[in-house]
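Chemist:
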Amino acid sequence: MKYFFSITVMLFLLGVSSASGQSRAVNRDKYIMNIYQTNEKIDLDGILDEDVWKTAERTEKFQRVTPTDTGFAIAQTVVMVTYDETNFYVGAVCYDPTPGKRPVASLKRDFSFMSNDNFGIFLDPYNDQTNGFIFYLSAAGVQYEGLISNGSSVNGSWDTKWRSSIMSYDDKWVVEFAIPFRSLKYFEGDTQWGINFGRLDLKTNEKSAWAAVPRQFTHSNLAFTGTLNWDKPLGKSGLSFSLIPYVTGKVTKNNDPVEEEAKWGGNAGFDAKVQLSTSLNLDVTVNPDYSQVEEDRQVINLDRFEISFPERRQFFLENSDLFAGLGNSSARPFFSRRVGLSVPVYGGIRLSGSLGDKLRVGLMDIQTGEKDDIPAANFAVAALQRQVFSRSNITGFFINKDITGNYVDTLYNGYRYNRVAGIEYNLASADNRWNGKAFYHQSFYPGAAADAAAIAGNLKYETQYFSASLASSWIGSDYIAEVGYIRRIGYFQVSPSLGYTFYPSSSRVLSHGLGLSLSMITDPGFTLTDRSTGLSYSIGFQDRSSLAFSLNEDFVLLDRDYDPTNSGGLRLSAGESFDWISGDVTFRSDARKLFSYTLGAGYGGYYNGTRLNMNSTVSYRFQPYGSVSVSGNYNNISLPEPYKSAALVLISPRLDITFTDKIFLTTLVQYNNQTENLNMNIRFQWRFAPVSDLFIVYTSNSYTDDFTNKNRGLALKISYWFN
Numbered sequence: 001m002k003y004f005f006s007i008t009v010m011l012f013l014l015g016v017s018s019a020s021g022q023s024r025a026v027n028r029d030k031y032i033m034n035i036y037q038t039n040e041k042i043d044l045d046g047i048l049d050e051d052v053w054k055t056a057e058r059t060e061k062f063q064r065v066t067p068t069d070t071g072f073a074i075a076q077t078v079v080m081v082t083y084d085e086t087n088f089y090v091g092a093v094c095y096d097p098t099p100g101k102r103p104v105a106s107l108k109r110d111f112s113f114m115s116n117d118n119f120g121i122f123l124d125p126y127n128d129q130t131n132g133f134i135f136y137l138s139a140a141g142v143q144y145e146g147l148i149s150n151g152s153s154v155n156g157s158w159d160t161k162w163r164s165s166i167m168s169y170d171d172k173w174v175v176e177f178a179i180p181f182r183s184l185k186y187f188e189g190d191t192q193w194g195i196n197f198g199r200l201d202l203k204t205n206e207k208s209a210w211a212a213v214p215r216q217f218t219h220s221n222l223a224f225t226g227t228l229n230w231d232k233p234l235g236k237s238g239l240s241f242s243l244i245p246y247v248t249g250k251v252t253k254n255n256d257p258v259e260e261e262a263k264w265g266g267n268a269g270f271d272a273k274v275q276l277s278t279s280l281n282l283d284v285t286v287n288p289d290y291s292q293v294e295e296d297r298q299v300i301n302l303d304r305f306e307i308s309f310p311e312r313r314q315f316f317l318e319n320s321d322l323f324a325g326l327g328n329s330s331a332r333p334f335f336s337r338r339v340g341l342s343v344p345v346y347g348g349i350r351l352s353g354s355l356g357d358k359l360r361v362g363l364m365d366i367q368t369g370e371k372d373d374i375p376a377a378n379f380a381v382a383a384l385q386r387q388v389f390s391r392s393n394i395t396g397f398f399i400n401k402d403i404t405g406n407y408v409d410t411l412y413n414g415y416r417y418n419r420v421a422g423i424e425y426n427l428a429s430a431d432n433r434w435n436g437k438a439f440y441h442q443s444f445y446p447g448a449a450a451d452a453a454a455i456a457g458n459l460k461y462e463t464q465y466f467s468a469s470l471a472s473s474w475i476g477s478d479y480i481a482e483v484g485y486i487r488r489i490g491y492f493q494v495s496p497s498l499g500y501t502f503y504p505s506s507s508r509v510l511s512h513g514l515g516l517s518l519s520m521i522t523d524p525g526f527t528l529t530d531r532s533t534g535l536s537y538s539i540g541f542q543d544r545s546s547l548a549f550s551l552n553e554d555f556v557l558l559d560r561d562y563d564p565t566n567s568g569g570l571r572l573s574a575g576e577s578f579d580w581i582s583g584d585v586t587f588r589s590d591a592r593k594l595f596s597y598t599l600g601a602g603y604g605g606y607y608n609g610t611r612l613n614m615n616s617t618v619s620y621r622f623q624p625y626g627s628v629s630v631s632g633n634y635n636n637i638s639l640p641e642p643y644k645s646a647a648l649v650l651i652s653p654r655l656d657i658t659f660t661d662k663i664f665l666t667t668l669v670q671y672n673n674q675t676e677n678l679n680m681n682i683r684f685q686w687r688f689a690p691v692s693d694l695f696i697v698y699t700s701n702s703y704t705d706d707f708t709n710k711n712r713g714l715a716l717k718i719s720y721w722f723n
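Letter 7 of the sequence shown, counting from 1, is numbered 7 in the numbering used here, and no numbers are missing.
#1: Could you give the C-beta distance for Asn-673 and Asn-701, rounded to a whole number, given that I count them as a contact under 8 Å?
#2: Specify the secondary structure class of Trp-264 as computed by DSSP and reduced to three states.
#3: Which partner residues does Tyr-485 have in the DSSP bridge list?
#4: Taking the alpha carbon of Asp-590 as the reference point, which residue from Ser-336, Ser-582, Leu-599 and Gln-493 has its own alpha carbon closest?
#5: Nearest by alpha-carbon distance to Leu-612: which of Asp-584, Phe-62 and Trp-162 is it?
#6: Counting C-beta neighbours from all protein chains within 10 Å, is the total for Gly-457 16 or more, i.e. buried, or is it exposed?
#7: Tell me the DSSP secondary structure of Ser-112 in three-state form.
#8: So Phe-722 is in the alpha helix (DSSP H); what residue range does that whole segment cover?
#9: For the beta strand (DSSP E) that Phe-323 lies in, which residues bound it at each end?
#10: Which parts of the segment 630-692 are runs of the alpha helix (DSSP H), unbroken and 4 residues or longer, counting only runs that do not cross its ends?
#11: Examine the Cβ distances between the segment 436-448 and the segment 159-169 and report whether three or more of them are shorter than 8 Å.
#12: Cβ of Val-90 within 6 Å of any heavy atom in the ligand SAM?
#13: Should Asp-296 and Phe-309 be called a contact, given that it needs their Cβ atoms to be closer than 7 Å?
#14: Going by Cα to Cα distance, which pick from Ile-35, Ser-106 and Arg-621 is closest to Thr-658?
#15: Can you tell me which of the three DSSP states Phe-707 falls into?
#16: So, helix, strand or coil for Tyr-412, using DSSP?
#17: I need the straight-line Cα distance from Asp-561 to Gly-604, nearest angstrom please.
#18: Starting from the N-terminal side, write out each stretch of the beta strand (DSSP E) that is 3 residues or longer and does not extend beyond the segment 548-623.
#19: Using DSSP with H/G/I as helix, E/B as strand and the rest coil, what is Leu-714?
#20: Let me make sure I understand the geometry here. Which of Ser-115, Val-174 and Pro-125 has the alpha-carbon closest to that of Leu-44?
#21: Classify Phe-309 as helix, strand or coil using the three-state DSSP reduction.
#22: Kindly list the residues whose CB is nearer than 6 Å to the CB of Gly-21, restricted to its own chain and excluding five residues on each side of it in sequence; keep chain order.
#23: Run through DSSP, which three-state label would Leu-62 get?
#24: Trp-474 and Ile-489 look like a contact to me (Cβ under 8 Å); what is the Cβ gap, rounded to whole Å?
#25: Measure the alpha-carbon distance for Asn-400 versus Tyr-417 and round it to whole angstroms.
#26: Go ahead and label Ser-505 buried or exposed: buried means 16 or more other beta carbons lie within 10 angstroms of its beta carbon, across all protein chains shown.
#27: Hey, quick one: how far does the alpha helix (DSSP H) through Asp-365 stretch, first residue to last?
#28: Would you say the segment 683-692 touches the segment 703-714, given that touching needs at least three Cβ pairs under 8 Å?
#29: In the DSSP assignment, find the alpha helix (DSSP H) that holds Val-52 and state where it starts and stops.
#30: Would you say Ala-452 and Tyr-479 are within 7 Å of each other, going by their C-beta atoms?
#31: Could you give the distance in angstroms between the alpha-carbon of Asn-229 and the alpha-carbon of Leu-650?
#32: Do you know whose CA, among Ser-153, Gln-216 and Gly-71, lies nearest His-512's CA?
#33: Give the secondary structure of Ala-223 by DSSP, where H, G and I count as helix, E and B as strand, and everything else as coil.
#34: When the Cα of Asp-389 is compared with those of Phe-197, Ile-581 and Asn-426, which residue comes out closest?
#35: First and last residue of the beta strand (DSSP E) that includes Ala-724?
#36: When the Cβ atoms of the segment 246-255 are set against those of the segment 286-305, are three or more pairs found closer than 8 Å?
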């Protein structure tokens with residue numbers, strides 16, 4: 001019986017996939033653009049005065065995406081494309097009919113999309129409407145690039161080389177892109193790509209696109225790309241090689257538990273990229289250093305289970321959906337942050353890309369060293385993905401961890417190795433209304449029992465007005481994925497949800513809608529251990545502000561002793577059950593304004609007591625040179641004696657300064673009395689050449705009561721990209 005519901009969901013999911021009649025992407029035959037090669041030299045100056053721009057095909061009128069997805073945009077855009085032997089070029093004229101200054105939050109690379117006037121292109125070179133590339137340019141000429149996976153998910157941490165320029169006028173701004181073919185992945189001999197162009201104009205409060213996109217979906221959704229016809233088959237790029245060496249110098253000082261002398265050190269290593277074909281890459285890292293990676297944003301942890309933080313290290317990002325996209329948010333068989341965060345990484349190698357028009361591959365192997373009581377280990381991941389129908393795919397994978405250093409049987413569950421294999425089916429219909437996933441994972445280790453498996457399925461249907469989803473998971477009591485993120489084991493969960501959105505004819509309200517959700521978790525004997533029921537209502541205003549309410553009912557039967565404050569108080573006993581009701585409200589102001597804020601508050605029961613929560617973020621932009629913001633979270637947890645009550649405070653001021661579009665300074669301070677830590681991170685970056693940087697990073701940690709320093713460190717790192 002324990003498999004029954006999950007298997008039923010998976011069969012239902014497969015049936016819907018077959019019945020949905022998947023076909024060619026909805027816009028591919030409606031929006032068509034032809035591209036022709038040029039031998040003319042193009043000066044990237046934001047002035048479209050070359051002859052090729054006078055003869056290149058031009059896009060038809062852009063259509064609105066928001067606030068409504070009907071009619072043509074007020075702020076129109078005209079786009080042209082061409083190419084030569086090495087680069088793909090885009091020229092665009094962004095008309096600006098509204099007087100006034102164009103909103104630009106800062107000059108920092110990888111800007112916030114909703115805080116800047118911008119123009120972007122969305123490429124689907126594989127024609128699978130699933131994986132692609134995004135390139136944006138703000139009205140101040142700031143670049144943003146990212147990888148698109150799962151149809152619309154964007155990873156903006158990815159970096160690559162490309163060039164751009166803008167020229168500003170009172171009534172328009174003009175952009176030119178030059179994207180090297182070696183920065184893209186595609187198939188040799190291709191004659192068609194998927195493509196779309198998007199624009200955000202904040203003064204008219206309007207998002208628009210060349211190929212129409214329904215307003216419930218993002219600009220980057222590849223299901224709605226048009227067709228780019230090449231005048232001749234794309235040629236072979238040939239073997240190319242890039243080397244990115246780095247050098248670092250560091251000084252650190254520990255003062256806790258006893259004061260130590262400052263320690264000086266240095267390091268060096270490199271990353272290498274080998275483009276084996278137009279669609280296949282080999283990446284190598286030797287003795288990598290991650291001192292420049294931004295600090296994790298702290299949270300007040302009131303969860304009974306481990307919290308996950310996002311991956312920001314470059315080596316793990318390209319084609320990361322093949323690895324990081326396995327499983328679901330509560331059961332990831334591979335979580336790259338398990339690799340090398342607490343121990344040194346000696347080196348790694350990754351082969352990823354496409355082997356044909358429907359086959360993708362990902363192979364990765366990483367060797368780590370030892371530190372303290374953590375032994376050296378080898379991590380290997382292999383994934384093979386086959387596209388089926390128009391946008392769905394089947395993925396098979398294998399994950400292996402081997403202890404290669406001094407083996408201590410009291411660590412890592414007492415096993416020298418841990419392996420997980422599985423198969424997954426990802427559903428995405430051609431019109432993106434149906435999305436879902438079904439998977440079966442099996443873990444292997446000495447003495448693994450029959451319950452060392454995980455089975456799950458989810459299905460979602462979404463239109464402009466209505467959405468419905470159903471998800472279920474069964475995670476076996478013996479399922480161990482040491483390289484993964486598994487919130488808990490030994491449970492069965494089912495989670496349905498419904499939502500409906502109204503779009504009134506109002507000059508003030510853009511949309512409003514109701515949401516219902518339910519999540520129930522049982523133990524292997526089908527005894528209810530967790531239930532969460534939610535009723536929510538949200539209102540979106542025409543000025544981009546929003547208001548949301550929610551009412552929640554929670555039930556918990558503790559499977560272990562637990563302190564609800566996570567701050568060292570007396571624990572509630574395993575076997576006790578609790579049921580409570582709470583509510584909250586959140587208001588977000590118009591983010592287009594120089595001063596913006598988010599305010600939230602909640603109150604209600606909490607285990608055997610009550611909890612008052614207040615949170616806010618206040619931000620001011622002094623555009624385009626930066627912003628200052630302060631985020632705060634306050635939780636007042638009141639529990640009866642002898643249990644510990646707590647007032648938990650997290651305050652995070654942040655200062656971002658962009659001296660130019662290549663020189664940035666970020667200061668982040670995080671005061672968290674739950675962890676008794678005051679963290680400061682100051683990060684200076686100078687991008688002196690494309691994807692080549694100088695970083696100076698200062699980090700310190702202190703106690704929150706008397707501000708006594710625990711440790712501090714200063715690091716300098718320089719890297720350069722050689723082609």
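From the three backbone atoms N, C-alpha and C, an ideal C-beta is built for every residue, glycine too.
Modeler: Answer, in terms of the structure:
#1: As a working note, residue 673 is residue 673 in the sequence shown. As a working note, residue 701 is residue 701 in the sequence shown. Going by Cβ atoms, the distance from Asn-673 to Asn-701 rounds to 14 Å, so no, they are not a contact pair.
#2: Position 264 of the sequence shown, counted from the start, is the residue given in the question as residue 264. Residue state, collapsed to three classes: strand.
#3: Here the question's residue 485 lines up with position 485 in the sequence shown. Beta-bridge pairing links Tyr-485 to Arg-332.
#4: As a working mapping, residue 590 is identified with position 590 in the sequence shown. Distance check between Asp-590 and each of Ser-336, Ser-582, Leu-599 and Gln-493 places Leu-599 closest, using alpha-carbon atoms only.
#5: In the sequence shown, the residue the question calls residue 612 occupies position 612. Per the Cα distances, Asp-584.
#6: Looking up residue 457 in the sequence shown gives position 457. The residue in question, Gly-457, is buried, as its Cβ has 16 or more Cβ neighbours within 10 Å.
#7: Here residue 112 is taken as the residue at index 112 of the sequence shown, counted from 1. In the structure shown, Ser-112 adopts coil according to DSSP, grouped into three states.
#8: Counting from 1 along the sequence shown, the entry for residue 722 is found at position 722. Per DSSP, Phe-722 belongs to no alpha helix (DSSP H) and is neither H nor E.
#9: Within the sequence shown, the letter at position 323 stands for residue 323. In the DSSP assignment, Phe-323 falls outside any beta strand (DSSP E) and within the unbroken alpha helix (DSSP H) covering 321-324.
#10: Fully enclosed alpha helix (DSSP H) runs of 4 or longer: not present.
#11: Result no; under three Cβ-Cβ pairs closer than 8 Å.
#12: This structure lacks the ligand SAM; in fact it carries no ligand of any kind.
#13: The residue you call residue 296 lines up with position 296 of the sequence shown. The residue you call residue 309 lines up with position 309 of the sequence shown. Yes. Within cutoff.
#14: Here residue 658 corresponds to residue number 658 of the sequence shown, with the count starting at 1. Taking Thr-658 as reference, the option from Ile-35, Ser-106 and Arg-621 with the minimal CA-CA separation is Ser-106.
#15: Position 707 of the sequence shown, counted from the start, is the residue given in the question as residue 707. In the three-state reduction of the DSSP assignment, Phe-707 falls in the coil class, being assigned neither a helical nor a strand state.
#16: Taking the first residue of the sequence shown as position 1, residue 412 is located at position 412. Residue placement at Tyr-412 is flagged as unreliable, the pLDDT there being 49, under the threshold of 50; a coordinate-derived value is accordingly withheld.
#17: Within the sequence shown, the letter at position 561 stands for residue 561. Within the sequence shown, the letter at position 604 stands for residue 604. Here the C-alpha atom of Asp-561 lies approximately 22 Å from the C-alpha atom of Gly-604.
#18: 577-588, 595-606 and 609-621, all fully within the segment 548-623.
#19: Stepping through the sequence shown from its first residue, residue 714 is reached at position 714. Note: Leu-714 maps to strand in three-state DSSP.
#20: Here residue 44 is taken as the residue at index 44 of the sequence shown, counted from 1. Looking from the CA of Leu-44, the closest CA among Ser-115, Val-174 and Pro-125 belongs to Val-174.
#21: Here residue 309 refers to the residue found at position 309 when the sequence shown is read from its first residue. In the structure shown, Phe-309 falls within a coil segment according to DSSP collapsed to helix, strand and coil.
#22: Within the sequence shown, numbered from 1, the residue matching residue 21 stands at position 21. Residue placement at Gly-21 is poorly supported in this model, since its pLDDT is 48, which falls under 50; the coordinates still yield a value, given next. For Gly-21, same chain residues with a beta-carbon under 6 Å away, outside a window of 5 residues either side, do not exist.
#23: On the sequence shown, residue 62 is found 62 positions in, with the first residue counted as 1. The sequence shown places Phe at residue 62, not Leu. The answer is coil: DSSP assigns Phe-62 none of H, G, I, E or B.
#24: The residue you call residue 474 lines up with position 474 of the sequence shown. The residue you call residue 489 lines up with position 489 of the sequence shown. At roughly 10 Å, the Cβ-Cβ gap does not stay under 8 Å, so Trp-474 and Ile-489 are not in contact.
#25: Position 400 of the sequence shown, counted from the start, is the residue given in the question as residue 400. Position 417 of the sequence shown, counted from the start, is the residue given in the question as residue 417. Inter-residue distance for Asn-400 and Tyr-417 is about 7 Å (C-alpha atoms, whole angstroms).
#26: Here residue 505 corresponds to residue number 505 of the sequence shown, with the count starting at 1. Label assigned to Ser-505: exposed.
#27: Translated into positions along the sequence shown, residue 365 becomes position 365. First-last for Asp-365: 359-368, but that is the beta strand (DSSP E), not the alpha helix (DSSP H).
#28: Output reads no: the segment 703-714 does not touch the segment 683-692.
#29: For this step, residue 52 is matched to residue 52 along the sequence shown. For Val-52, the enclosing alpha helix (DSSP H) starts and ends at 51-55.
#30: As a working mapping, residue 452 is identified with position 452 in the sequence shown. As a working mapping, residue 479 is identified with position 479 in the sequence shown. Yes, these two residues count as a Cβ contact at 7 Å.
#31: In the sequence shown, residue 229 corresponds to position 229, counting from 1. In the sequence shown, residue 650 corresponds to position 650, counting from 1. Cα to Cα, the separation comes out at about 53 Å.
#32: Mapped onto the sequence shown, residue 512 falls at position 512. Of Ser-153, Gln-216 and Gly-71, the residue nearest in Cα terms is Gln-216.
#33: Residue numbering aside, residue 223 sits at position 223 when the sequence shown is read from its first letter. Of the three classes helix, strand and coil, the one that applies to Ala-223 here is helix, per DSSP.
#34: Working through the sequence shown from its first residue, we reach residue 389 at position 389. Here residue 389 is Phe; the residue named in the question, Asp, does not match the sequence. Cα-wise, what sits closest to Phe-389 is Asn-426.
#35: What the structure shows of the chain is the stretch from 1 to 723, and residue 724 is not part of that stretch, so it cannot be assessed.
#36: These segments touch.
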